[in-house]
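Here the structure is laid out as structure tokens; the discussion comes afterwards.
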Amino acid sequence: MELPKGLHRVYNMKIIFITSALISSILFSQGFQMKAYQISATAKVSKSDSLKLNGSIGTSFNQTSSSDSLFLSGGFSKSLIQAYEEPPVIVVETEYDSVISYDNPPTYTATSTDINGIKNSSLYIQPGGRKTPYIFPMLPINDSTYAATVPDTLLSVRNFRAWVVSEDSLSNESVSPYEMPALEFPVGELSMENRFSHYQDGVIAEKWRLISWPGVLIDGTLKNSSLDDGYVFYDWDIQNDEWLKPDQIIPGKAYWFKHKYSENASFSNHNSPGKAIALDDFIIELEKGWNIIGSPFSFPVETEYDPEFVSGVYLYGNDGKEGEGWSDPTMVMAPWAGYAVKADNDDDIITLKPFGTNNGENFLAKPSLSDGWKLKLKIEGDDYFDYTASIGRNQYASNYEDKYDKPTLPKMNEYVSLSMDVNQNLNYQFSSDIRSIEETNGIWNLRINSSEIEGPLELTSLFEGSLPPELNISLVDIQSRVIYDQFLVTGITISESVLDGYDLRLIAGDAQFVMESSQKILDEIPSEFLLSQNYPNPFNPVTNMNFELPRSGRVLLTIYNVRGQEVKTLINENLNYGLHTASWQGIDNMGRPVSSGVYFSELRSRGVRKTRKMVFLK
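Last residue of the sequence shown? That's 619 in this note's numbering, and every number before it is there in order.
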């Protein structure tokens, strides 16, 4: 019988192995000591050992025999059998170093070797952003060498990664390491209008947007301009906490952009060719504080970071809405868009994964009921919004500042924001206040801030998960002195100015706690702005002044002499609404005792002023 072509070598080798095994069984079956050498697939001596064989001619060895009693369990024959089971060895070569171009599709050459012979080799091509690869059979050049050329239809700004899979005649497979070239794209190929872009229709006029550039432009120079020229770019200087005008596009960074053209502005590489970076994990090194970042890939990519030290990734602007503000955090970054991310340390990183995360974790996943609950709050007007605020409880959170309490995002120009007083110190610097699930009842201090934004504003909520049946939620409007028992259903409309802050209290817990706390908060709100007469008066050496604030805000309490000269500033800070007390010891701002005479106390807040006369006697 004539064997199929290509199997002569395999057939002959197997006859040799069987014959060797038979001879060995006869020679060493009578209890002789054998010195055996373990031979690798490369036919080099690598290790020796000693075997004691028991039994006689005609004795059959069963599977229960020990490794020292069974010839085929170790030594030469075992190594030969293992060699049959070993997958092919693949060496991949290309005719390029690291960069390829559209007009020169690369050819991959694979040299695959195996003791059983190679049945086939295939080239796998996976474009950026595609979950599954394309598979192309490789053509044989000789007994061990195969080749295939990447179709030019797969050459695009998305780039690709390639690898080879070879299979031997016994169906053992080997997979080569990834080849990740950098692809050069010509002028005009990179466009904001591609289907993956966050700005498929371009950037609208008169609105700030964060933009970034996929790839690496050969000439990434940015013209220093201003809105008088029609547009302006800004970069965030984290060290000096200020905005600067950039002169160069850097991969992985984003830039604030605004224009005043009549049509949407759309970007492309119309002046410069560029290079699509290799499809490997892209690591962005963060600085402590807020970082403005972008993706260098031309397709959406997932992010991976340590939520212990890195905040979520926030997008400025909102799909389908022309307003300005921060949207919900995301785990996916789109091309051409820019994002804000906050790091707790200078050595924190965020990794962009062009083919998805390895562990599948989503740190921003909605909590289950066993984890607690979360209420997302949205404030929006005609032109500005903030969707980043949230309160709730989590089984891993504490009642103090921790990783679950996210800071407020940076402000570019005019804005509206909803912030939290996490540390109960009247510093509303957080966009979320998540507390321990060990407690049921709680009161959250909320404040709406804006810059020259007039109402009306709509405050609404969205409960993530199912509302626990024992949980009740009410909202107290400090300014209007109204309790909203159905806030989750109806939301509220704010028509007053929020320029100097607009305070709210959200109460969550059992029915009795919510009802009693809501009424107590309402009762503690003063009806008017009031500065009481100091006591004692006349005084020496100290006097006290009580004052009431119907609204929270910046408070200035100052002592003047009869000539109207400032003597002592007692208070210059933000204070909560309610009753407050201040004292004066009869000293000036330099710490010197004042002379006897008439003085005036003046209280100012939110454009209102109250004055009282007092007498100091020595």
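The C-beta atom is built at its ideal place from N, Cα and C for all residues, glycine as well.
Predicted model only: the values in this text are computed from it and were never measured.
Problem - At least three beta-carbon pairs within less than 8 Å, the region 441–452 to the region 502–517 - result: yes
Problem - F310 beta carbon less than 8 Å from that of D347 - result: no
Handout entry: First and last residue of the uninterrupted beta strand (DSSP E) at F386
Key = F386 -> beta strand (DSSP E) spans 385–395.
Practice task
Kindly indicate which residue of K254, N400, D202, E288 has the alpha-carbon position closest to the one of A266.
Solution key: Ranking K254, N400, D202, E288 by Cα distance to A266 puts D202 first.
Problem - Outcome for A277 when other beta-carbon atoms lying within 10 angstroms are tallied against a minimum of 16 - result: Classification for A277: buried.
Problem - For F488, three-class secondary structure by DSSP - result: Here F488 sits in helix by DSSP.
Handout entry: Start and end residues, alpha helix (DSSP H) containing M516
Key = 512–524
Problem - Spatially closest choice to V151 from N143, Q487, I526, R162, by CA coordinates - result: R162
Problem - Distance, R196 Cα to P187 Cα - result: 19 Å
Handout entry: For L532 and W445, the rounded distance between their alpha carbons
Key = 28 Å
Practice task
Measure the alpha-carbon distance for E194 versus I212 and round it to whole angstroms.
Solution key: Taking the straight line joining both Cα atoms gives about 13 Å.
Exercise for the section: For L156, name the three-state secondary structure that DSSP assigns. Expected result: Here L156 sits in coil by DSSP.
Handout entry: Three or more C-beta pairs below 8 Å linking the region 214–224 and the region 129–140
Key = no
Practice task
Select from E415, N424, Y416, D384 the residue whose C-alpha is nearest the C-alpha of Y1.
Solution key: Since the first and last residues shown for the chain are 2 and 619, residue 1 lies out of range.
Practice task
Could you tell me whether the Cβ atoms of E497 and E381 are closer together than 8 Å?
Solution key: no
Problem - Range covered by the beta strand (DSSP E) that runs through G579 - result: 579–585
Handout entry: Rounded straight-line distance, which links the Cα of S172 to that of Y109
Key = 22 Å
Handout entry: Cα-Cα separation, H199 to K412
Key = 21 Å
Problem - C-alpha gap between G326 and S584, whole angstroms - result: 42 Å
Handout entry: Same chain, Cβ closer than 6 Å to A279, neighbours up to 5 away in sequence not counted
Key = M181, A183
Practice task
For K289, I'd like the list of residues in its chain whose CB is within less than 7 Å of its CB, leaving aside the five on either flank, ordered along the chain.
Solution key: A344, D345, N346, D347
Practice task
Helix, strand or coil for L472, going by three-state DSSP, please let me know.
Solution key: coil
Exercise for the section: Taking 8 Å as the cut-off, decide whether the C-beta atoms of P89 and I119 are in contact. Expected result: yes
Problem - Collapsed DSSP secondary structure at L171 in the structure displayed - result: coil
Practice task
To the nearest angstrom, report how far apart E517 and E549 are at their CA atoms.
Solution key: 23 Å
Problem - As assigned by DSSP and simplified to three states, the class of F617 - result: strand
Exercise for the section: With a floor of 3 residues, list each beta strand (DSSP E) that falls wholly inside the region 212–288, ordered by position along the chain. Expected result: 232–238, 243–245, 256–260, 275–277, 283–286
Problem - Start and end residues, beta strand (DSSP E) containing P128 - result: From DSSP, the beta strand (DSSP E) with P128 extends over 119–128.
Problem - Cβ neighbours of L155 in the same chain (closer than 8 Å, five flanking residues each side left out) - result: I126, P128, Y135, F161
Practice task
Spatial neighbours of V543 within its chain, please: CB distance less than 8 Å, with the 5 preceding and 5 following residues excluded, ordered by chain position.
Solution key: S584, W585, Q586, G587
Handout entry: Alpha carbon of N395 to alpha carbon of T441, nearest angstrom
Key = 11 Å
Handout entry: 8 Å Cβ cutoff met for P308 and K404
Key = yes
Exercise for the section: Could you tell me which of G373, Y306, L316 sits nearest to L353, measuring between CA atoms? Expected result: Y306
Handout entry: Whole-angstrom C-beta distance between E603 and R1, which should lie under 8 Å
Key = Since the first and last residues shown for the chain are 2 and 619, residue 1 lies out of range.
Exercise for the section: Measure the Cβ-Cβ separation of N414 and W209 and say whether it is below 8 Å. Expected result: Closer than 8 Å, so yes.
Problem - Nearest candidate by alpha-carbon position, reference S177, set I91, D524, P527, L472 - result: I91
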